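Shown next, in structure tokens, is the structure this report addresses.
There are 2 protein chains.
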Amino acid sequence: MAKIKRNRNGTRKDVIIAKAAKLFREKGFSATSMRDLAEHVGVEAASLYNHISSKAEILQEICFKTANNFMSHIEEVDATPNKTAIEKIQAILRFHIKQMLDNYEEVYVSDREWKHLTDPYLSNMQSQRRAYRQRIASVIEEGIRKGEIKPIDAPTAVLIMLHAVSGIESWHRSKKKIAGEVLEDNMVQILVDGLRKQA
Amino acid sequence: MAKIKRNRNGTRKDVIIAKAAKLFREKGFSATSMRDLAEHVGVEAASLYNHISSKAEILQEICFKTANNFMSHIEEVDATPNKTAIEKIQAILRFHIKQMLDNYEEVYVSDREWKHLTDPYLSNMQSQRRAYRQRIASVIEEGIRKGEIKPIDAPTAVLIMLHAVSGIESWHRSKKKIAGEVLEDNMVQILVDGLRKQA
DNA sequence: ATAAAATGCTAACAAATGTTAGCGTGAATT
DNA sequence: AATTCACGCTAACATTTGTTAGCATTTTAT
Numbered sequence: 011m012a013k014i015k016r017n018r019n020g021t022r023k024d025v026i027i028a029k030a031a032k033l034f035r036e037k038g039f040s041a042t043s044m045r046d047l048a049e050h051v052g053v054e055a056a057s058l059y060n061h062i063s064s065k066a067e068i069l070q071e072i073c074f075k076t077a078n079n080f081m082s083h084i085e086e087v088d089a090t091p092n093k094t095a096i097e098k099i100q101a102i103l104r105f106h107i108k109q110m111l112d113n114y115e116e117v118y119v120s121d122r123e124w125k126h127l128t129d130p131y132l133s134n135m136q137s138q139r140r141a142y143r144q145r146i147a148s149v150i151e152e153g154i155r156k157g158e159i160k161p162i163d164a165p166t167a168v169l170i171m172l173h174a175v176s177g178i179e180s181w182h183r184s185k186k187k188i189a190g191e192v193l194e195d196n197m198v199q200i201l202v203d204g205l206r207k208q209a
Numbered sequence: 011m012a013k014i015k016r017n018r019n020g021t022r023k024d025v026i027i028a029k030a031a032k033l034f035r036e037k038g039f040s041a042t043s044m045r046d047l048a049e050h051v052g053v054e055a056a057s058l059y060n061h062i063s064s065k066a067e068i069l070q071e072i073c074f075k076t077a078n079n080f081m082s083h084i085e086e087v088d089a090t091p092n093k094t095a096i097e098k099i100q101a102i103l104r105f106h107i108k109q110m111l112d113n114y115e116e117v118y119v120s121d122r123e124w125k126h127l128t129d130p131y132l133s134n135m136q137s138q139r140r141a142y143r144q145r146i147a148s149v150i151e152e153g154i155r156k157g158e159i160k161p162i163d164a165p166t167a168v169l170i171m172l173h174a175v176s177g178i179e180s181w182h183r184s185k186k187k188i189a190g191e192v193l194e195d196n197m198v199q200i201l202v203d204g205l206r207k208q209a
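Protein chains in written order, with the numbering used here: chain F, 11 to 209; chain H, 11 to 209.
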């Protein structure tokens, strides 16, 4: 009988999805049951279906919302004039880090659990991810041509960047957290200029 | 009736664990059923229990074997005399990359699925992972003190390194694979010296 | 050759899974 | 005040889950 309390500006569906994102992150999509989710929402499992149509739909919403978010941003960055390749890379990195700090649960889930999507969503997500990586690779290749970036294998650089950023997961769990901006600066610096001290 | 074919030098249990690692990687631990595993092994689900005692045990074996492997290596590196901090970091990185290339399934599973361990194994794994990261952080801090490494936040550097390496997963899936050694060189170079071309 | 051990099978189990049906109640709309 | 709609509940469903029991057969050791 106790209704789902929705936050101001949000539907009850949003509440469910937010709680689901948290559980999917903690236990994974497959290991999270609808009864589990219901309990955290404060309702019986069957009641969830007044707001969502299936467990799969929840994952879809999380994944595609996040993916669109990143895709929009990179298009914006790429379209901005007068930016060096390094600046573009920095902007992309900082956006990733900020997203990881602000929308931790959803970004994390979307990155780790998208494999549990089912077709046609699965194929769709796969090509979106491929396209996204390809765009970053292009920026890097542009930088290499212009002599700003050293001639390394661009796809390798992309996967290092993206996975490095996803490491913020560990930061989230860590007790002695350093501040978000410090973290951001450190990550960008290490990726752009490396660990070694230059003489 | 068809028996599990074991490879030379390996028990049937090893075969099961190898197949399990592959499935756990592809679908995740929770989404892989024992019947699923049995089918890939070529046997009925119940027959698996002549070789293993539970699904959980399979995950335990994969995770702890891998963890011990990494722990042994870092102890060895750390004990080697006449090595600069940068050289130690490079050795650790190269070992990670090599492990990821040679024992892909198990390393990947152990990194992504250890959360599904149950206590006491879960706690045990958590502290092993913490200890491992701490050791790397110490190497970095040593390097900072000696002026080889720029003064960045060591835990941040560790998480970047480790997650960057786990990005080889994408490389594995990629069609146009570059050679293993080239990948290794690229990764080490990017992490140690960064993306930016030095003037 | 015979006993013991290893390994496979079928059948079955209890529990957990996602989901639907149908009903009741309070809030919103007419 | 009457009606509709939103949203919660309980009960139930068909599958799927990990696992065990019991038996048959093959392999190994005596």
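For glycine and all other residues, C-beta sits at the position ideal for the given N, C-alpha and C. Computed from a prediction, not measured in an experiment: that's the story for all the values here.
Please list, in chain order, the chain F residues whose beta carbon lies closer than 9 Å to that of residue i.
{"i": "Phe181 of chain H", "result": "The sequence as given places Trp at residue 181 of chain H; Phe does not occur at that position. Ordered by position in chain F, the residues that pass the 9 Å Cβ test against Trp181 of chain H are Pro165, Thr166 and Leu169."}
{"i": "His126 of chain H", "result": "Lys37, Gly38 and Ala41"}
{"i": "Ile188 of chain H", "result": "Asp163, Pro165 and Thr166"}
What does the Cβ neighbour count give for residue i, buried or exposed, with the cut at 16 atoms within 10 Å?
{"i": "Glu36 of chain F", "result": "exposed"}
{"i": "Lys65 of chain F", "result": "buried"}
{"i": "Val175 of chain H", "result": "buried"}
{"i": "Thr21 of chain F", "result": "exposed"}
{"i": "Lys98 of chain F", "result": "buried"}
{"i": "Gly157 of chain H", "result": "exposed"}
{"i": "Gln144 of chain F", "result": "exposed"}
{"i": "Glu123 of chain F", "result": "buried"}
{"i": "Lys29 of chain F", "result": "buried"}
{"i": "Gly38 of chain H", "result": "buried"}
{"i": "Glu116 of chain H", "result": "buried"}
{"i": "Ala101 of chain F", "result": "buried"}
{"i": "His50 of chain F", "result": "exposed"}
{"i": "Val87 of chain F", "result": "buried"}
{"i": "Thr90 of chain F", "result": "exposed"}
{"i": "Thr128 of chain F", "result": "exposed"}
{"i": "Glu54 of chain H", "result": "exposed"}
{"i": "Ala56 of chain H", "result": "exposed"}
{"i": "Val192 of chain F", "result": "exposed"}
Using a C-beta to C-beta distance shorter than 7 Å, which residues of chain F count as neighbours of residue i?
{"i": "Ser40 of chain H", "result": "Gly38, Ser40 and Ala41"}
{"i": "Ile146 of chain H", "result": "What Ile146 of chain H touches in chain F: nothing, since even the nearest Cβ is about 11 Å away."}
Cβ closer than 8 Å: which chain H residues qualify as neighbours of residue i?
{"i": "Met197 of chain F", "result": "Thr166 and Ile170"}
{"i": "Ser184 of chain F", "result": "Pro165"}
{"i": "Ile68 of chain F", "result": "Within chain H, no residue comes near Ile68 of chain F; the closest Cβ sits about 16 Å away, beyond 8 Å."}
If you follow the alpha helix (DSSP H) that residue i is part of, which residue opens it and which one closes it?
{"i": "Ala95 of chain F", "result": "Ala95 to Asp112"}
{"i": "Arg155 of chain F", "result": "Tyr131 to Arg155"}
{"i": "Thr128 of chain H", "result": "Premise fails: Thr128 of chain H is in no alpha helix (DSSP H) and is neither H nor E."}
{"i": "Asp203 of chain F", "result": "Gly190 to Asp203"}
{"i": "Ile170 of chain F", "result": "Ala164 to Ser176"}
At a CB-CB cut-off below 7 Å, which residues of chain H make contact with residue i?
{"i": "Leu193 of chain F", "result": "Thr166"}
{"i": "His173 of chain F", "result": "His173, Ala174, Ser176 and Gly177"}
{"i": "Ile62 of chain F", "result": "Those do not exist, as Ile62 of chain F stays about 20 Å from chain H at its closest Cβ, beyond 7 Å."}
{"i": "Ile96 of chain F", "result": "Arg206"}
{"i": "Arg26 of chain F", "result": "Correcting the residue identity first, residue 26 of chain F is Ile in this sequence and not Arg. Going along chain H, no residue has its Cβ under 7 Å from Ile26 of chain F, so there is no contact; the nearest lies around 21 Å."}
Identify the contact partners of residue i in chain H, using a Cβ-Cβ distance below 9 Å as the criterion.
{"i": "Val87 of chain F", "result": "Here the premise fails: no neighbours, minimum Cβ distance about 16 Å."}
Any heavy atom of the ligand NAP within a distance shorter than 7 Å of the CB on residue i?
{"i": "Lys156 of chain H", "result": "This structure simply doesn't include the ligand NAP, nor any ligand for that matter."}
Would you grab the beta carbon distance between residue i and residue j for me? Rounded to a whole angstrom, and I think it's under 8 Å.
{"i": "Ala31 of chain H", "j": "Ile72 of chain H", "result": "6 Å"}
{"i": "Asp163 of chain H", "j": "Asn196 of chain F", "result": "5 Å"}
{"i": "Ile26 of chain H", "j": "Ala95 of chain H", "result": "With a Cβ gap of about 41 Å, Ile26 of chain H and Ala95 of chain H do not count as contacting."}
{"i": "Val198 of chain F", "j": "Arg140 of chain F", "result": "About 25 Å; that fails the 8 Å criterion."}
{"i": "Pro165 of chain H", "j": "Ala147 of chain H", "result": "6 Å"}
{"i": "Leu58 of chain H", "j": "Ala48 of chain H", "result": "6 Å"}
{"i": "Leu111 of chain F", "j": "Gly190 of chain F", "result": "5 Å"}
{"i": "His106 of chain F", "j": "Gly177 of chain H", "result": "Rounded, the Cβ-Cβ distance is 13 Å, inconsistent with contact."}
{"i": "Val202 of chain H", "j": "Arg206 of chain F", "result": "5 Å"}
{"i": "Ile84 of chain F", "j": "Tyr142 of chain F", "result": "7 Å"}
{"i": "Ile170 of chain H", "j": "Pro161 of chain H", "result": "Not quite, the Cβ-Cβ distance comes to about 15 Å (not below 8 Å), so this is no contact."}
{"i": "Ala77 of chain F", "j": "Gln138 of chain F", "result": "5 Å"}
Which runs of the alpha helix (DSSP H) at least 4 residues long sit entirely within the segment 26 to 56 of chain H? Give them in chain order. Runs found: 44 to 51.
For a minimum of 4 consecutive residues, which ranges assigned as the alpha helix (DSSP H) are wholly contained in the segment 56 to 90 of chain F? You should have 65 to 89.
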